[in-house]
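Colleague:
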Amino acid sequence: MTAAPDVVVVGAGLAGLAAARRLVDAGAEVVVLEARDRVGGRTLTLPAADGTPIDHGAQWIGPTQHRIAALAERVGVTTYPSYERGLHTEFREGRARRYDGPLPGDDDPASAVAMGQAIRELDAMAATVPPEAPWTAEQALAWDSQTVETWLQARVPAGQARTWLREAIRSTLAAEARDLSLLHTLFVIRSAGGIARLLATAGGAQERRFHHGAQAISIRLAESLGDRVVLGAPAQVVRHGDGRVVVEAAGRTVAAGRAILAVPPAIAGRIGYRPAMPGWRNQLTQRVPMGSVIKVHAIYEQPFWRTEGLSGFVVSDSGPVRIVYDNSPEDGSPGVLVGFIEGEQARIWARRDPADRRAGVLACLADYFGERAGRPRELLERSWADEEYSGGCYAGYFPPGVWTSFGQALREPVGRLHWAGTETATAWTAYMEGAVQSGQRAADEVLAAS
Ligand SMILES: Cc1cc2nc3c(=O)[nH]c(=O)nc-3n(C[C@H](O)[C@H](O)[C@H](O)COP(=O)(O)OP(=O)(O)OC[C@H]3O[C@@H](n4cnc5c(N)ncnc54)[C@H](O)[C@@H]3O)c2cc1C
């Protein structure tokens, strides 16, 4: 038995570490239990063969993400702008077309108008969703009774505009428009400050990257917390309700005054609670599945597409990889393309033989940038659904009916148990910013209760 701390934090992702940092700053005794043998959770930076840091999880930070920016600055992790000079690529009906400007499909005026109109409509609807309580929106029940796909079919003419809007949703939430509650999607849009913020590189969520990779923030935060952070300690049972909390984690037992569980809802639902969770919380955690994504990196001697006047950004209507960005380091050497296999494509391609998947990815890159792109010197991939302690990415999403029936259970403490994790954030949910906000909010809750 460890000497009793004030707070035990479960999970050393950004949420758990941000919570622990704030508590320790306030003078509290804290222990952080982390299941994996590393910190950072959904951030993971590993060196490529030549040592270039590759972000297999989260990587970008953008304007209005002040909390993650402040935390990175505090631990000395600096940023640089993402590369996006030159023409973007739209791969449609088997052909690559280069375009300028924020959205694909601008060669078809009717589709461009339809897309602009749909985005304005979604932004206006999102503006009416209170981020701290989406279920209280005036239209909450109507919007939570349909999927985004239902809405697209009703509001956007079939064709390019609908295809690209589906892709925009898929690339933001790693789920299909048919999986997602419209209310949830509006909540995500609201929490980020609008669709343009979500989709843009400069001026949006993809604006900047971290010099040492995003995981460096968690690694340095954990270093600052020292031996308060315990690795290889998966919480299995949480006992609570008799004036204290006792967490059992693979042979280790930690007793504390309160606990912060900084894990996604679906993962929190796999932990045993004594006494058991109230029904509404138990049912919530059965209903917030994780998105599906495989992130791939292709590494070349040089970013050859740049000399051809291309930004490296691709949006495609076919193949496993439908979104690509230039992911080269700041000095442009080596050349790196990052591709995302998302939603249904991730579900299909994760089950394929690795050699088939590799061939499928390379065929996409060759379609988008020419034959040379099909011959990288290194190809790396990471399927987040395979990760026991993530279960998928980018985040947990809400299918229809969940926000309105169970939303209140998301953040409401159960006795001495407090909930964190990006899914519980009101700003930039599903992003690193949301993780930090949630951790700091849970720490404040605990401090206020103590
Ligand atoms: C491929 C990918 C790309 C992304 N891109 C971006 C991006 O560019 N920008 C951005 O802002 N966000 C991005 N995200 C999302 C971002 O990574 C997450 O929003 C954020 O990292 C979540 O942090 P968290 O602390 O809430 O959860 P997590 O990072 O999931 O942390 C939870 C921690 O709890 C641990 N854990 C789980 N179960 C237990 C248990 N029983 N006991 C103890 N510990 C446990 C886990 O191992 C993990 O370390 C991306 C995610 C992925 C996977």
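In this text, residue positions in the sequence shown follow the numbering used here: the first is 26, and each later residue adds one. By construction, the Cβ of each residue, glycine as well, lies at the ideal position given by its N, Cα and C atoms. In this text the structure is predicted, and so the values were computed from the model without any measurement.
To the nearest angstrom, how far is the alpha carbon of Glu-174 from that of Phe-423?
Modeller: 14 Å
Colleague: To which residues does DSSP link Pro-72 through a beta bridge?
Modeller: Pro-78, per the DSSP bridge assignment.
Colleague: Please tell me whether Thr-210 has its Cβ less than 8 Å away from any Cβ of chain B.
Modeller: You won't find chain B in this structure, because it holds only one protein chain.
Colleague: Taking only heavy atoms of ligand 2 into account, decide whether any of them is closer than 7 Å to the Cβ of Met-315.
Modeller: Within the structure as shown, ligand 2 is missing, the only ligands being ligand 1.
Colleague: Looking only at its chain, what residues have a beta carbon closer than 8 Å to the beta carbon of Ala-83, apart from the 5 residues adjacent to it on each side?
Modeller: Taken in chain order, the residues that qualify are Arg-67, Thr-68, Ala-239, Tyr-419, Tyr-456 and Met-457.
Colleague: Could you name the residues that DSSP lists as bridge partners for Thr-114?
Modeller: Thr-114 is bridged to Arg-123 and Val-339.
Colleague: Please tell me whether, using a cut-off of 7 Å, the distance from the CB of Trp-409 to the nearest non-hydrogen atom of ligand 1 is below it.
Modeller: yes
Colleague: Can you tell me whether Ile-296 is helix, strand or coil according to DSSP?
Modeller: coil
Colleague: Any chance the region 320-328 sits against the region 389-404, with 3 or more Cβ pairs inside 8 Å?
Modeller: yes
Colleague: Taking 7 Å as the line, does the beta carbon of Met-150 fall inside it for any heavy atom of ligand 1?
Modeller: A distance criterion of 7 Å places the beta-carbon of Met-150 beyond contact range of ligand 1, judged by its closest non-hydrogen atom.
Colleague: Got a sec? Which residues, its chain only, sit under 8 Å from Gly-440 by beta carbon, not counting five neighbours each side?
Modeller: Around Gly-440: His-265 and Gly-266.
Colleague: For Gln-311, name the three-state secondary structure that DSSP assigns.
Modeller: coil
Colleague: Measuring alpha carbon to alpha carbon, tell me which of Gly-357, Ile-366, Pro-314 and Val-313 ends up nearest Val-339.
Modeller: Ile-366
Colleague: For Pro-30, I'd like the list of residues in its chain whose CB is within less than 6 Å of its CB, leaving aside the five on either flank, ordered along the chain.
Modeller: A distance below 6 Å between beta-carbons, with the five flanking residues on each side excluded, links Pro-30 to the following residues of its chain, in chain order: Glu-54, Val-55, Val-56 and Ala-281.
Colleague: In the DSSP output, which residue or residues are listed as bridge partners for Leu-404?
Modeller: Ala-323
Colleague: I'd like to check one pair, Trp-330 with Phe-394: are the Cβ atoms closer than 8 Å?
Modeller: A contact, by the Cβ cut-off of 8 Å.
Colleague: Quick one: does the C-beta of Tyr-393 sit closer than 7 Å to a heavy atom of ligand 1?
Modeller: It does not: the Cβ of Tyr-393 is nowhere closer than 7 Å to a heavy atom of ligand 1.
Colleague: With DSSP collapsed to three states, give me the class of Ala-183.
Modeller: coil
Colleague: Decide if Thr-27 is buried, meaning its Cβ has at least 16 other Cβ atoms within 10 Å, or exposed.
Modeller: Any reading at Thr-27 must be qualified, since the residue scores a pLDDT of 44, below 50, and its modelled position is unreliable; no value is offered.
Colleague: What residue does the beta strand (DSSP E) around Phe-365 start on, and which one ends it?
Modeller: Unbroken beta strand (DSSP E) run through Phe-365: 360-367.
Colleague: Less than 8 Å between the beta carbons of Met-150 and Leu-198, yes or no?
Modeller: In this structure, Met-150 keeps its C-beta atom at 8 Å or more from the C-beta atom of Leu-198.
Colleague: Compute the Euclidean distance between the alpha carbons of Pro-134 and Asp-125, then round it to the nearest angstrom.
Modeller: 15 Å
Colleague: Using only the alpha-carbon positions, how far apart do Glu-157 and Ser-463 sit?
Modeller: 12 Å
Colleague: Rounded to whole angstroms, what's the CA-CA distance from Gln-142 to Ile-220? Just pull it up for me.
Modeller: 12 Å
Colleague: Going by DSSP, what residue range makes up the alpha helix (DSSP H) through Thr-429?
Modeller: Counting along the chain, the unbroken alpha helix (DSSP H) around Thr-429 starts and ends at 427-431.
Colleague: Would the beta-carbon of Arg-203 be found less than 7 Å away from any heavy atom of ligand 1?
Modeller: no
Colleague: Once DSSP output is grouped into helix, strand and coil, what is the label at Phe-235?
Modeller: It is a strand residue.
Colleague: Would you check if the distance between the CB atom of Gly-316 and the CB atom of Ala-200 is smaller than 8 Å?
Modeller: yes
Colleague: Which residue's Cα is closest to the Cα of Ala-410: Arg-376, Ala-391 and Phe-431?
Modeller: Arg-376
Colleague: So, helix, strand or coil for Val-102, using DSSP?
Modeller: coil
Colleague: For Trp-311, count neighbouring C-beta atoms within 10 Å of its own C-beta (all shown protein chains included) and say buried if the count is 16 or more, exposed if not.
Modeller: Here the sequence assigns Gln to residue 311, which means Trp is not the residue at that position. Exposed.
Colleague: Report yes if the CB atom of Trp-428 is closer than 8 Å to the CB atom of Ser-136, and no otherwise.
Modeller: No. Outside cutoff.
Colleague: Examine ligand 1 and report whether any of its heavy atoms sits within less than 7 Å of the Cβ of Gln-15.
Modeller: Residue 15 lies beyond the residue range present for the chain, which begins at 26 and ends at 475; the question has no answer from this structure.
Colleague: Please confirm whether any heavy atom of ligand 1 lies closer than 7 Å to the CB of Pro-56.
Modeller: At residue 56 the sequence reads Val, which differs from the Pro that was named. Outside the cutoff, so no.
Colleague: Any heavy atom of ligand 1 closer than 7 Å to the beta-carbon of Thr-288?
Modeller: Strictly speaking, residue 288 in this sequence is Val, with Thr absent from that position. Yes - ligand 1 has a heavy atom lying nearer than 7 Å to the Cβ of Val-288.
Colleague: From Leu-435 to Glu-396, what does the alpha carbon distance come to, in whole angstroms?
Modeller: Rounded to the nearest angstrom, the two C-alpha atoms are 48 Å apart.
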